[in-house]
Amino acid sequence: MSSAAGTMDHHDHDHHHHAPSGITRWLFTTNHKDIGSMYLWFSFIMFLLGGSMALVIRAELFQPGLQLVDPHFFNQMTTVHGLIMVFGAVMPAFTGLANWMVPMMIGAPDMALPRMNNWSFWILPFAFAILLASLFMEGGGPAFGWTFYAPLSTTYSSDSTALFVFSVHIMGISSIMGAINVIVTIMNMRAPGMTYMKMPLFVWTWFITAFLLIAVMPVLAGAVTMVLTDKYFGTSFFDAAGGGDPVMFQHIFWFFGHPEVYIMILPSFGIVSAIIPAFSRKPLFGYASMVYATAAIAGLSFLVWAHHMFTTGMPVAAALFFMYCTMLISVPTGVKVFNWVATMWRGSISFETPMLFALAFVILFTIGGFSGLMLAITPVDFQYHDTYFVVAHFHYVLVSGAIFSIMAAAYYWLPKWTGHMYNETLAKWHFWCSLISVNVLFFPMHFVGLAGMPRRIPDYALQFADINQIVSIGAFAFGLSQLIFLAVVVKCVRGGEKAPAKPWEGATGLEWTVPSPAPYHTFDTPPEVK
Amino acid sequence: MRTRLIAALTAAMPFAASAQSQLNLTQGVTEISNRVYDLHMTILYICIVIGIVVFGAMFWSMIAHRKSRGHKPATFHENVKVEILWTVIPFLILIGMAIPATSTLIAMEDTSESDVTVLVTGSQWKWHYRYFEHDVEYFSLLATRPDQINNKLPKGTNYLLEVDRPLVIPTGKKVRFLITSDDVIHSWWVPDFAVKKDANPGFINEAWTKVDEPGIYRGQCAELCGKDHGYMPIVVIAKEPAEYEAWITAQETAQREAKEEEQRLLAMSMSEAELMELGERVYLGNCAACHQPNGQGIPGVFPSLVGTEMVTNDINGHIDIVLYGKQGTSMQAFGNMLTLREIAAVVTYERNAWGNNTGELIQAADVNARTKN
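Here the protein sequences come in this chain order: A and B. Each step along the first sequence adds one to the number in the working numbering, with nothing skipped, and position 62 is 98. Each step along the second sequence adds one to the number in the working numbering, with nothing skipped, and position 146 is 434.
What follows is the structure in C-alpha cells.
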C-alpha cells in the first residue's frame, strides 16, 4: 500500500526519475514498465540457465561414450532444459514485451489489472525455484522429457514428480493471468480512434496468443494433475491395467502442446511485422491479411496436435486428417513470409541490428517451416520422428525464430526503455556471432537426424561422431555469444548516446510519440488516434 | 557358396549403409522404404525451389533496394491479386504433395496377408521377440561392453548398435510385427525398413515389412524410455527363406531341449563357487543397470540391495520379486527371461555379495518351488 502511495508522491515531484527505490519498488510495483522489465530480466536469466543445461548436454555429446554425466542426469538435463526454455525463457520474454509495449502501443496508461500483473510475475520465480530444487532431491529431478509422457512420468518417475507438477501448475496460473490481463487491456483500454484494425500487429498477435493461452493452459494443468493422481493417488488415467490409456496422455498433452508452439511464435510475427517496415521505410504489406493469417494459424493449431503422434498407432483416416490440416498451416504461414518480403520490396532498407535479427528470423524461421512441412508428411515422418531432424526443426523455429525475434525486439525498443542508444558495433558482433554459431549448432542436426540418430540419447553410434562434434562447438559458440548481448544491454542501461523519442527513421506507432526513456507513466490522458 | 555371398554382403553392409546415410535419409531395402525416400527427396526439392524463389526475392531487395544506395521507398502496401495468387499457388503445391503421401501411407498401414508374425515387446531396456508360428522366443540385449561405453576399451565398429541375439526374418516374405511394451512406451525403429512404431504398454500396434536383400539391419529405440533409452538397439538379420527355416527349426529344437534339460537338472545342486560365478554374470547383465554393479542402486530411483531386509532375511520374497517383478515399479519379472538356475544363482549372488554374507545357497529346485505352474 505504502509503495503505491509513494509512487504517486514521487511521480508528482519528478516525472522522469519516478518510482520508489529499493527492493519494495520491485516487490510491490503495479507499473507495467517495471513488471515488463522484471519479466525480461527473469527470462534472460532463465535463458542463460537453460542454455547452461544445453551445454552440459552438448559437452556430453561431444564424443561417443559416457564422459561427464550419467544417463539419468543427462535425462534430467534434457527435461529441465526444455521446461526452462519454454516456460522460463520464451514465454516470460513475450509477456515482458507485452507488458512494456501493449499499453504504449494502444495509448493506454497501464495494464488493465495491475495488481494481478504483479502477482503473475512474482509467482514465476517460485515456480522455477521449485523446479530447480527438485534437481537436488534424492533420485533427481524430472527425467522424462519436457513432454513427460506417461507412464514414464507416473509409475516410473522419481519422487520429485510432485514438485514438477506443482511448478507447472504455478507457471500455468501465471500465464493465464498474464493472458487475461492482455485481453482485458486490449479490449477496454485502447485510445479513442484506435480501432481493432488500426492496432499494431504486435498487439494483434498478442491478442490472439492470449486467447490461445487461456484455451490451452488449463488443458496442461489437467494433464499434470492426472499425472499427479496416477502417481500418488491410485487413479489409472494413463495405465492400461486400470482401464486407462497411455496414448490418451499424448492426446491431452499435445492438445495443449501444439497451440503452445504457436503461443511461442505468434508474438514473434508481430515483432517482425513492426521492425521490417521500420527499416524498409515502407508500410507493412497486407496488414489485413496478416491479421487474418494469424487468426487462421491460431484456429488451425487446435486441429493438428496428433502430428506429434503419428507413430503411436492411429487409424489411417486420423493420420490423413492430421497430415492434411498440418500441411494447410503452411498456407497462412507462407502468406506472412510473402508479406514480409513484399514489404521489403522496393523499400529503402538499412541494416541496424534489430533489422538484422528480423531478417535472420524470416530466413531461419522459414527453413524451420520447410522442415515442418516435411515432418507433416506422415509416411516420411515415421523416419524423422524422434530423431535429431525434429530437434533441428524445432530449434530453428524456437531459437533462430522466437529467440531471434525477442533479440530483435530488445534492440528495437532498448532506446525507448533506457533512453540510451545501444552500442551498434557490439550489437553487430552479437548478431553475426549468433547467426553463424546458431547455424553451426542446428543445421548439421538435420543431417545427423536423417542419418538415424535418435534424440534424447546420452551416447551414440560412431558414424554420428563427426557431426555431433561440430554441433557441440556451435553450441558453445552460441552460448558465449549471448554474453555479448548481456554486455550490450548492461552498457545501454548504464549510459550511452542519448536516444531521441523516435530513434528509427521509419518507425511508426504511439510508443515513439513519448520521450525516451518512456516516463514512468505514459498516456495519463489518452492520445487521439486519427 | 550362398552363405559366403551373404557373409560378404553383410560384411560390406555397415560401410555401404553408413557411407550412404551419412548426410541423408537411408533409401532402405524395402519397396516401402524406397517410396518413403522418394517422397522425402521430392518434398525436399520442392522446399529448396520455394526457398530459392523467396530468399532470392529477399536478397534481391536487400541488395538493390537499400538506403545506402539511395533507393527511395515505394508506398504500396497491398495488392489483392498478388495476395490471392500466393495463397492459391502454395495450396496447389500442397495438393501435389498430399497425393503421393496418401497412397504411400495407405500402403504402409496395410498389414493384411502376412506370412510371418513376430510379437515385439519392449521393456526397460531390451527387446523381446516371439515368433507366432513357432515355439521360439528370446530377449535381445545390447552386446556392447560397458568398458567401451566408459571409454576403457576402444569402441567397436557397431558400437551401441549390436545385440546378443538379433531378430531373424526371411527375405521375400511379408513379416508382420505386433508391437507392445511391458512397462513404459518404447518405439521399435529400423530405418532400412522405414518402420517405426511405438510400443505402448497394454496395447498392440501393427507394422510390417518385406525385405528383398539379405543382410544385417540396425536400429534403435526411438522413444525416451528412461535411463538406458540410448542402450536398447535393434538388430534384424534377413535370411533367405530356406536358411530362415533351418534357423527357426534349430531354435525351436534348442529351446525345447533347454527346457527339458532345466527340469532334469532340478535335482542337481550347484556349488557355492558355481552359483556365485554364474550369479555375478547374470547380475551384471540384467540387474546392474538399475541396482548398480555395487548393489547400492540409485537413491530415490532404484533401491539398494545392500543389507536390506529382503536380501538378508526374506528368501521367498526375494525369489518372488525376481520371478514376478514388482507391480507399479521398474522391477520387471525375470521369470520368463532367465532360467531357474540363473535365478537361483543371481539370488544367491545378491545374498552373499557386497558384504551381505548370509551364507545361504539357493538352488534351482528352490526357485522352481516358488513358480506357480
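Glycine included, each C-beta is placed from N, C-alpha and C at the ideal position.
Q) Under the DSSP definition of a beta bridge, which residues are partnered with B:Thr-409? A) Here residue 409 of chain B refers to the residue found at position 121 when the second sequence is read from its first residue. In DSSP, B:Thr-409 forms a bridge with B:His-416, B:Thr-468.
(Q) Output needed in chain order: residues of the stretch 165–177 of chain A with a Cβ under 8 Å from some Cβ in chain B. (A) When C-beta distances to chain B are compared with 8 Å, the residues of the stretch 165–177 of chain A below that value are Met-173, Glu-174, Gly-175, Gly-176, in chain order.
Q. So with Cβ pairs under 8 Å, would you call A:Phe-430 a contact of chain B?
A. Counting from one through the first sequence, the residue named residue 430 of chain A turns up at place 394. It does not: the Cβ of A:Phe-430 has no partner Cβ on chain B nearer than 8 Å.
Q.
In whole angstroms, give me the CA-to-CA distance for B:Ser-309 and B:Asp-480.
A. On the second sequence, residue 309 of chain B is found 21 positions in, with the first residue counted as 1. On the second sequence, residue 480 of chain B is found 192 positions in, with the first residue counted as 1. At B:Ser-309, the pLDDT of 42 sits below 50, so the modelled position is not reliable and the matter cannot be decided from this model.
Q: Closer than 8 Å by beta-carbon distance: list the chain A residues that pair up with B:Ser-402, in chain order.
A: Numbered from 1 along the second sequence, position 114 holds the residue referred to as residue 402 of chain B. Those do not exist, as B:Ser-402 stays about 17 Å from chain A at its closest Cβ, beyond 8 Å.
Q: May I ask which residues mark the beginning and end of the alpha helix (DSSP H) holding B:Asn-493?
A: For this step, residue 493 of chain B is matched to residue 205 along the second sequence. Careful: B:Asn-493 lies outside any alpha helix (DSSP H), inside the beta strand (DSSP E) at 493–497.
Q) Do you know how far the Cα of B:Leu-563 is from the Cα of B:Thr-646? A) For the purposes of this step, residue 646 of chain B is taken as the residue at position 358 of the second sequence. For the purposes of this step, residue 563 of chain B is taken as the residue at position 275 of the second sequence. Their backbone Cα atoms lie some 14 Å apart in a straight line.
**Q.** Neighbouring residues, chain A, relative to B:Val-337 (Cβ below 8 Å)
**A.** Working through the second sequence from its first residue, we reach residue 337 of chain B at position 49. The premise fails here: B:Val-337 is roughly 11 Å from chain A at the closest Cβ pair, so nothing lies under 8 Å.
Q. If you check the beta carbons only, do B:Ile-603 and B:Met-619 fall under 8 Å apart?
A. The sequence position of residue 603 of chain B within the second sequence is 315, counting from 1. The sequence position of residue 619 of chain B within the second sequence is 331, counting from 1. No; because the gap between Cβ atoms is not below 8 Å, this pair is not in contact.
Q) How would you label A:Met-213, buried or exposed, when you count the other beta carbons within 10 angstroms and need 16 or more for buried? A) Taking the first residue of the first sequence as 1, we reach residue 213 of chain A at position 177. By the 10 Å Cβ count, A:Met-213 comes out buried.
Q) Can you name the residues of chain B whose CB is closer than 8 Å to the CB of A:Asn-111? A) Taking the first residue of the first sequence as 1, we reach residue 111 of chain A at position 75. Within 8 Å Cβ-Cβ: Leu-512, Gly-514, Lys-515, His-517.
Q: Kindly list, in the order they appear in chain B, the residues whose Cβ is closer than 7 Å to that of A:Trp-548.
A: Working through the first sequence from its first residue, we reach residue 548 of chain A at position 512. The contacting residues do not exist; A:Trp-548 stays about 18 Å from chain B at best.
Q: If I'm right that A:His-431 touches A:Gly-532 with Cβ under 8 Å, what's the distance once you round it to whole angstroms?
A: Along the first sequence, one-based indexing puts residue 431 of chain A at 395. Along the first sequence, one-based indexing puts residue 532 of chain A at 496. Incorrect: roughly 32 Å between the Cβ atoms, too far for contact.
Q: Quick one: which residues of the stretch 363–376 of chain A get their C-beta closer than 9 Å to a C-beta of chain B? List them in chain order.
A: Answer set for the stretch 363–376 of chain A: Met-363, Leu-364, Ser-366, Val-367, Pro-368, Gly-370, Val-371, Val-373, Phe-374, Asn-375, Trp-376.
Q. With a CB to CB cut of under 6 Å and the five nearest residues on each side skipped, what residues in its chain are close to A:Met-253?
A. The residue given as residue 253 of chain A occupies position 217 in the first sequence. Excluding positions up to five away in sequence, the list reads Gly-208, Ser-211, Ile-212.
Q: Answer yes or no: does any C-beta atom of chain B fall closer than 8 Å to that of A:Met-89?
A: Translated into positions along the first sequence, residue 89 of chain A becomes position 53. It does not; no Cβ of chain B falls within 8 Å.
**Q.** Where A:Trp-468 sits in the DSSP three-state scheme
**A.** Taking the first sequence and counting its residues from 1, one reaches residue 468 of chain A at position 432. Helix, per DSSP.
Q) If you measure from the beta carbon of A:Gly-322 to each beta carbon in chain B, is any gap under 8 Å? A) If you number the first sequence from 1, residue 322 of chain A lands on position 286. Yes - at least one Cβ of chain B is within 8 Å of the one on A:Gly-322.
Q) Mind checking A:Thr-558: buried by the 16 CB within 10 Å criterion, or exposed? A) Taking the first residue of the first sequence as 1, we reach residue 558 of chain A at position 522. Under this definition A:Thr-558 is a buried residue.
Q: Whole angstroms is fine: what's the gap from A:Thr-191's alpha carbon to B:Gly-616's?
A: Position 155 of the first sequence, counted from the first residue, corresponds to residue 191 of chain A. Position 328 of the second sequence, counted from the first residue, corresponds to residue 616 of chain B. Roughly 6 Å between the two C-alpha positions.
Q: In angstroms with no decimal places, state the Cα-to-Cα distance between B:Asn-624 and B:Met-520.
A: Residue 624 of chain B sits at position 336 when you count from the first residue of the second sequence. Residue 520 of chain B sits at position 232 when you count from the first residue of the second sequence. Rounded to whole angstroms, the separation of the alpha carbons of B:Met-520 and B:Asn-624 is 19 Å.
Q.
For a quick check, are the C-beta atoms of A:Arg-226 and A:Ile-142 less than 8 Å apart?
A. Sequence index remark: in the first sequence, residue 226 of chain A carries index 190 (1-based). Sequence index remark: in the first sequence, residue 142 of chain A carries index 106 (1-based). Yes, these two residues count as a Cβ contact at 8 Å.
Q) Are the C-beta of B:Ala-386 and some C-beta of chain A separated by less than 8 Å? A) Against the second sequence, residue 386 of chain B aligns to sequence position 98. With 8 Å as the cut-off, B:Ala-386 counts as an interface residue toward chain A.
**Q.** Cβ-Cβ distance between B:Arg-502 and B:Thr-537 below 8 Å
**A.** Locating residue 502 of chain B in the second sequence gives position 214, where the first residue counts as 1. Locating residue 537 of chain B in the second sequence gives position 249, where the first residue counts as 1. Correcting the residue identity first, residue 502 of chain B is Pro in this sequence and not Arg. Going by C-beta atoms, B:Pro-502 is not nearer than 8 Å to B:Thr-537.
Q: Tell me whether A:Gln-112 is buried or exposed, calling it buried when 16 or more other Cβ atoms sit within 10 Å of its Cβ.
A: Mapped onto the first sequence, residue 112 of chain A falls at position 76. Per the 10 Å Cβ criterion, buried.
Q | Closer than 8 Å to chain A by CB, B:Gln-620 | A | In the second sequence, the residue the question calls residue 620 of chain B occupies position 332. It does not; no Cβ of chain A falls within 8 Å.
Q | Beta-carbon neighbours of B:Glu-366, restricted to chain A and to distances below 7 Å | A | Within the second sequence, residue 366 of chain B is the residue found at index 78, counting from 1. From the beta-carbon of B:Glu-366, the residues of chain A found nearer than 7 Å are Phe-321, Gly-322.
Q.
What does the alpha-carbon distance come out to for the pair A:Gly-383 and B:Ala-352?
A. Here residue 383 of chain A corresponds to residue number 347 of the first sequence, with the count starting at 1. Here residue 352 of chain B corresponds to residue number 64 of the second sequence, with the count starting at 1. C-alpha of A:Gly-383 to C-alpha of B:Ala-352: approximately 9 Å in a straight line.
Q. Does A:His-47 get closer than 8 Å to chain B when you measure Cβ to Cβ?
A. On the first sequence, position 11 is the one that residue 47 of chain A refers to. Caution is warranted here: a pLDDT of 44 is assigned to A:His-47, below 50, making its placement in the model unreliable, and the coordinate value is therefore given only provisionally. Judged by the 8 Å Cβ criterion, A:His-47 is not in contact with chain B.
Q: Under the assumption that A:Val-367 contacts B:Phe-420 (Cβ atoms under 8 Å), give the Cβ distance between them as a whole number of angstroms.
A: Locating residue 367 of chain A in the first sequence gives position 331, counting from the first residue. Locating residue 420 of chain B in the second sequence gives position 132, counting from the first residue. About 46 Å; that fails the 8 Å criterion.
Q: Spell out the partners DSSP gives B:Tyr-571 in its beta bridges.
A: Counting from 1 along the second sequence, the entry for residue 571 of chain B is found at position 283. The partner list for B:Tyr-571 (beta bridge, DSSP) is empty, contrary to what the question assumes.
Q.
So the candidates are A:Phe-483, A:Ile-506, A:Cys-528, A:Ala-438; which of them puts its Cα closest to the Cα of A:Phe-130?
A. Against the first sequence, residue 130 of chain A aligns to sequence position 94. Of the candidates A:Phe-483, A:Ile-506, A:Cys-528, A:Ala-438, the residue whose Cα lies closest to the Cα of A:Phe-130 is A:Ala-438.
Q. Taking the DSSP output, what are the residues bridged to B:Ser-428?
A. On the second sequence, residue 428 of chain B is found 140 positions in, with the first residue counted as 1. Answer is B:Trp-415.
Q) Are the beta-carbon atoms of A:Thr-379 and A:Thr-241 separated by less than 8 Å? A) By one-based count along the first sequence, residue 379 of chain A stands at place 343. By one-based count along the first sequence, residue 241 of chain A stands at place 205. No; because the gap between Cβ atoms is not below 8 Å, this pair is not in contact.
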